[in-house]
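Here is the structure we will look at.
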Amino acid sequence: MKKYLNIAMQKKPFIFLDQLIYRVSTHHVTGGGAALTYFLVLSVFPFLIVLLNVLSYTPLGSIDVILDMIKYIPVDIQKIIEGFVNDVVSGSSQGLLSAAAIGGIWTASSGVRAIIRSLNEAYECSDNRSFLKQRGLSILFTVALIIMIITVFITLVLGKLLGQLVFEFLNITTYFLTIWNYLRFIIPLLFMILTFALLYKYGPNVDGRRSISLKKTLPGALFASLSWILISTLFSFYVSNFGKYSVTYGSLGGVIVLLVWLFISSIIIILGGEINATLESLKERSYKLDPERSFTTNLFKEKEELGKA
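Numbering follows this note's numbering, in which position 119 of the sequence shown is assigned residue number 111; successive positions increment by one, without gaps.
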């Protein structure tokens, strides 16, 4: 058994998984995910206010279109957001909504700051940037996330209609319209990957010698994008068919579902950063296993110590 394990420990995939698990355990990713969830809970509704304000200047401004956007997330969360959207839109003037949006960007950026702190821990670097620079970067990424969400949902919700109008205007054959029907699902994914890649590139405060290229961020960005879509879909299916949170938590069921979904999303975002940091660390060491920072080695050491005791 030990012979086969020693052979496996020389293979790149095993070394990568070993180092990733070690980093995830030592960096307390679940604890970081819980902390990030707290900030995201504080940020989600101010973020929605900003999003509603921006959407009011686009063809997506109607409540029906906005509610169509959230059909991809769990039903219990949809109900919370639907109630919030109706209250904000029906009870606020345009001027008040705009004023709330300005404050909303500041508050929502706290969630992004928490993500940046987690990325700094993934790369094991301290953040000595000034408060204004940190906050400015957080606000910039908050705006980028808003743009990403609008782009994603324009292509998903209105993509078919837009494609038909454009292709009819340009007198393009239906063959290209068929291709567009596939592209309108690929474009949002590519935009998500790009947004995460930029976050993983500019978020961590690495020094100049370790500057992160956009190419190096793609593995984590691809993982975060695909995992978030997959996990959100599976979680939504589970909550709709098996998860009876309302039975256990009563009227708080929807809130608990929101917390769980945000926690899972937080873990996925942090893991994307950990994947990139692990790959960079391994490339610097030519994929050689570090015995002092090896999950497998430490596990066997603990077993040997328990056996002697």
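We put the beta carbon where it would ideally sit given N, CA and C, even for glycine.
Taking only three categories from DSSP, how would you classify residue i?
i    : result
E116 : coil
N268 : helix
V104 : helix
I139 : helix
I97  : helix
S17  : helix
G195 : coil
K125 : helix
Y230 : helix
K208 : helix
S130 : helix
K280 : coil
L162 : coil
K3   : coil
S203 : coil
S286 : coil
Using the rule of at least 16 other Cβ atoms within 10 Å of the residue's Cβ for burial, across every protein chain shown, is residue i buried or exposed?
i    : result
Q10  : It should be noted that the sequence gives Asp, not Gln, for residue 10. With 16 or more Cβ atoms within 10 Å of its Cβ, D10 is classed as buried.
E266 : buried
P38  : buried
G24  : buried
S232 : exposed
F177 : exposed
T18  : exposed
T225 : exposed
R277 : exposed
S257 : buried
Y230 : exposed
N304 : Because the chain here runs from -7 to 301, residue 304 falls outside it and cannot be looked at.
Can residue i be considered in contact with the ligand MN, in the sense that its beta carbon sits closer than 6 Å to one or more heavy atoms?
i   : result
D79 : Inclusion of the ligand MN in the displayed structure is not the case, the ligand content being empty and no account of it being possible.
For residue i and residue j, which I take to be in contact (beta-carbon distance under 8 Å), what is that distance rounded to the nearest angstrom?
i    : j    : result
L111 : T270 : The Cβ separation is near 13 Å, so there is no contact.
G264 : F188 : 6 Å
G96  : V135 : Not quite, the Cβ-Cβ distance comes to about 11 Å (not below 8 Å), so this is no contact.
Between which residues of its own chain and residue i is the CB-CB distance below 6 Å, once the five residues before and five after are set aside?
i    : result
R105 : S130
T143 : F183
E113 : H19
S101 : S130, I131 and T134
Between residue i and the rest of its own chain, which residues show a CB-CB distance below 7 Å, the 5 nearest in sequence each way excluded?
i    : result
F255 : G25, A26 and T29
I261 : I107 and A216
S35  : T99, A100, S102 and G103
I223 : I256 and I260
If I measure Cβ to Cβ from residue i and keep anything under 8 Å in the same chain, skipping five residues before and after, which residues do I get?
i    : result
G155 : L169, W172, N173 and R176
D199 : C117
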